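Chains as they are written, first to last, in the numbering used here: chain A, 2 to 475; chain B, 333 to 492.
Set out below in structure tokens:
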């Protein structure tokens with residue numbers, strides 16, 4: 002008789018989740034599923050509201066990456082107005098997006114993921130957390146908090162507040178940036194760059210000691226999708242979509258993000274509220290692709306900033322073609338943080354950033370608008386249909402975590418096959434299955450448009466559905 | 333320095349009661365008032381130099397306003413998610429930044445958490461009570477030891 006293991010809810014990810022592991026008659030893992038059991042229906046709530054309210058409304062989806070939703074929503078609004086926004090506004094938007102990548106990745110790496118590999122996967126969970134990290138490496142923990150604080154401070158200085166800033170709007174942004182604020186941002190940069198060099202050095206040393214995890218936690222071929230400049234460099238705010246395969250071959254490039262629905266689609270499964278995005282030409286589930294830090298570094302030919310360029314070249318040697326090990330999402334996150342700080346340095350050195358003209362005003366000129374940007378977890382699409390009075394008729398949000406859903410499920414299954422080998426759950430195997438998900442740093446409250454704190458349950462079941470073991474965290 | 337941190341979402345009914353209470357606390361040079369949706373790690377270094385930190389939060393299980401010291405706990409086996417509890421935040425501040433001040437949690441009774449900015453009458457009354465309790469406590473902590481001793485004896489005398 003085959004069996005099933007259940008993990009419910011996943012800790013150190015944002016949202017509610019359950020992992021089911023099924024055993025076959027011989028006690029081997031036959032399959033695994035990562036269920037997201039919460040539903041919010043945010044898209045539905047927006048119907049009937051004026052489109053110019055959307056940036057503020059959409060930012061409420063998430064307390065961690067509200068900037069991404071503000072940006073994608075504002076860009077959809079720009080398209081509805083039919084305007085090109087002032088250059089200072091575009092630079093502000095870019096600046097804040099880099100700040101968000103920095104603060105979100107800092108939270109993911111230093112506080113959620115790093116205890117696993119800096120302290121060890123088999124360390125007692127009582128110690129394998131931020132407090133354990135503080136005991137083990139006080140300086141690194143402190144630097145992690147400072148990096149997060151820097152990102153949040155940039156958002157506060159530009160946007161007016163750290164979470165859900167009232168700042169982005171169709172046509173630009175609502176306020177210009179002052180010299181004092183710009184100078185304060187610049188004062189943080191030397192320390193931030195130093196912290197990133199230290200963290201990267203530490204991470205690369207640690208990778209040698211977690212080889213089994215690198216090779217068996219989410220290491221499989223998929224497509225990778227991300228935004229690049231017309232020249233193929235890293236891009237987070239406004240570019241073209243490129244897709245590469247596991248060998249690093251370009252499958253598609255120069256794709257217009259506004260036409261995402263022509264090449265991407267979503268499937269549903271009855272056991273999860275989170276949809277499963279796929280690349281249309283390869284169908285479902287063959288068109289599985291990954292987005293986010295790993296994908297962005299795989300699709301980009303260059304970084305465009307000197308320190309990140311050096312790291313990107315070294316990073317690409319970790320794969321044959323594309324880097325397929327999901328564990329390297331963590332290293333990719335650090336490289337992106339370094340890149341973000343370099344870009345913040347460049348942007349705040351540009352006098353155009355301080356110009357006072359930050360908003361283009363116009364009436365509604367279109368009934369359909371799509372906005373996209375690279376959120377910390379991957380590319381984000383906001384798609385609005387509005388009536389002639391500017392009221393929302395339909396909203397579709399394609400969220401990064403949903404686009405990684407097929408890959409997350411595959412990562413859980415692969416990890417379970419390698420590390421789960423009995424009718425009960427040990428702490429070490431449980432944590433490795435969870436770690437497979439944490440590679441992607443999913444924001445389940447975004448992807449299901451859900452609210453609140455999400456715990457994780459891991460279940461082990463036989464083929465008849467009988468529960469063999471269960472562990473709950475959070 | 334006294335820091336008051338109100339936690340909650342003003343768009344979810346009584347969940348915004350802490351923010352309302354914060355608005356009723358008289359500001360002063362030694363008082364810093366902050367509103368947050370959730371507690372995040374970087375707040376640890378912001379509270380590190382405070383003499384007293386008050387966390388104000390809506391609590392559906394509270395029958396009356398309660399002000400109590402926060403029992404810090406670290407490494408309790410509950411891994412960190414994107415937000416932290418007051419106890420975890422204070423523990424990080426103590427361990428990482430040598431925070432040596434007092435930390436207190438003010439639980440404010442709350443009833444309904446539906447969509448909307450309106451507070452129930454009960455929550456508003458509780459917010460007023462919480463604000464005066466915090467203001468009084470903060471004023472007391474700002475006194476010199478001699479003044480504290482005097483106000484204590486005055487309190488004892490009036491109680492007697």
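Just so you know, even glycine gets a beta-carbon here, dropped at the ideal spot from N, CA and C. Please read all numbers here as calculations on a predicted model, not as lab measurements.
Closest in alpha carbon position to residue 183/A, among 347/A, 30/A and 123/A, is 347/A. Every unbroken stretch of the alpha helix (DSSP H) spanning 4 or more residues and falling wholly within the stretch 94-163 of chain A is given here in chain order: 131-137 and 139-160. Exclusion of the five residues before and after residue 312/A leaves 201, 336 and 339 as the residues of its chain whose Cβ lies within less than 7 Å of its Cβ. Shown here, residue 346/A sits in a helix according to DSSP, grouped into three states. When the Cα atoms are used, residue 388/A and residue 403/A turn out to be separated by approximately 28 Å. Taking a Cβ-Cβ threshold of 7 Å, the residues of chain A close to residue 374/B are 146, 149, 150 and 153, in chain order. Nearest Cα to residue 264/A within the set 88/A, 253/A and 273/A: 253/A.
Here the C-alpha atom of residue 172/A lies approximately 13 Å from the C-alpha atom of residue 55/A. Scanning its chain for C-beta atoms nearer than 8 Å, with the 5 sequence neighbours on each side dropped, one finds around residue 368/B the residues 337, 338, 339 and 375, in chain order. About 19 Å separates the beta carbons of residue 335/B and residue 398/B, which is beyond the 8 Å limit, so they are not a contact pair. Between residue 218/A and residue 401/A, the beta carbon gap of about 19 Å keeps them out of contact (Cβ cut-off 8 Å). Considering only beta carbons, the part of the stretch 128-140 of chain A lying closer than 9 Å to chain B consists of 128, 129, 130, 131, 132, 133, 135, 136 and 139, in chain order. Around residue 143/A, the beta-carbon contacts reaching into chain B at under 7 Å are 428. Taking a Cβ-Cβ cut-off of 7 Å, residue 392/B has no neighbours in chain A, whose nearest Cβ is about 14 Å from it. Straight-line measurement puts the Cα of residue 66/A at about 11 Å from the Cα of residue 443/A. Of the candidates 294/A, 259/A and 34/A, 34/A places its Cα closest to the Cα of residue 272/A. Near chain B, meaning a CB-to-CB distance below 7 Å, the residues of the stretch 85-116 of chain A are 108, 112 and 113.
Counting of Cβ neighbours within 10 angstroms places residue 470/A among the buried residues, the total reaching 16 or more. Taking a 10 Å sphere around the C-beta of residue 210/A, we find fewer than 16 other C-beta atoms and assign the residue as exposed.
Residue pairing by DSSP places residue 173/A opposite 170/A and 360/A in a beta bridge.
When the beta-carbon positions are compared, residue 204/A and residue 432/A stay at least 8 Å from each other. In this structure, the alpha-carbon of residue 92/A lies about 19 Å from that of residue 83/A. In the DSSP assignment, residue 317/A falls within the alpha helix (DSSP H) that extends over 307-317. Taking each of 351/B, 360/B and 341/B in turn and checking the Cα distance to residue 470/B, the smallest one comes out for 360/B. The Cβ atoms of residue 296/A and residue 227/A lie closer than 8 Å to each other. Distance from the Cα of residue 434/B is smallest, within the candidate group 444/B, 446/B, 441/B and 421/B, for 421/B. For the stretch 157-178 of chain A, residues whose beta-carbon sits nearer than 9 Å to a beta-carbon of chain B comprise 162, 163, 164 and 165.
Counted as a single uninterrupted DSSP element, the alpha helix (DSSP H) harbouring residue 377/B occupies residues 375-379. For residue 456/B, there is no enclosing beta strand (DSSP E); the enclosing alpha helix (DSSP H) covers residues 453-473.
C-alpha of residue 385/A to C-alpha of residue 68/A: approximately 18 Å in a straight line. Fewer than three Cβ pairs drawn from the stretch 363-381 of chain A and the stretch 121-135 of chain A lie within less than 8 Å of each other, which leaves the two stretches out of contact.
Going by DSSP, residue 180/A is part of the alpha helix (DSSP H) stretching over 180-208. Shortest Cα-Cα distance from residue 59/A to any of 137/A, 164/A and 103/A involves 164/A. Counting along the chain, the unbroken beta strand (DSSP E) around residue 36/A starts and ends at 30-36. In this structure, 365/B is the residue among 344/B, 365/B, 346/B and 384/B with its C-alpha nearest to the C-alpha of residue 354/B. DSSP places residue 228/A within a strand segment (E or B) once states are collapsed to three.
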